[in-house]
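To start, the structure itself, in structure tokens.
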Amino acid sequence: MELYTPILALALIATGFAVFSVIMSALVGPKRYNRAKLDSYECGIEPTPQPVGGGRFPVKYFITAMLFIVFDIEIIFLYPWAVHFDAMRLFGLVEMVLFIATVFVAYAYVWRRGGLDWD
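Throughout the sequence shown, residue numbering follows the working numbering, covering 528 to 646 in sequence.
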């Protein structure tokens with residue numbers, strides 16, 4: 528149990544700091560509310576009125592999210608490859624070239640279909 532004492536102490540200090548920061552900001556921070564601060568934030572663009580039951584999101588929003596996930600997963604696969612590149616030698620190089628070529632073909636397809644246009 529004594530091996531976990533430093534981890535427990537660090538967790539307690541981090542939790543204490545987080546709670547202290549939230550409480551102090553509520554007590555000491557300025558309380559000047561106006562319409563702009565209470566309005567929802569949409570990347571600096573004035574929010575558009577939505578119907579009562581919610582609105583429909585454009586399909587481009589979901590396509591952009593899926594593209595982000597695909598390229599994020601590609602990066603996750605690149606880390607172990609980079610760490611063990613010396614051990615895999617030519618096999619690792621060929622496998623990564625095939626993997627990157629597959630992702631590049633998908634990227635080119637999305638680009639040609641207009642999935643990256645922000646109009």
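Backbone N, C-alpha and C fix where the C-beta goes; we use that ideal spot for every residue, glycine too.
Worksheet entry | Cβ pair Ile590, Gly543 closer than 7 Å | no
Worksheet item: For Pro607, does the three-state DSSP call read helix, strand or coil?
Response: helix
Worksheet item: Of the residues Val586, Leu594 and Val555, which one's Cα is nearest the Cα of Ala635?
Response: Leu594
Worksheet item: My guess is that Phe626 and Phe604 are in contact by the Cβ rule of under 8 Å, so how many angstroms apart are they, rounded?
Response: 7 Å
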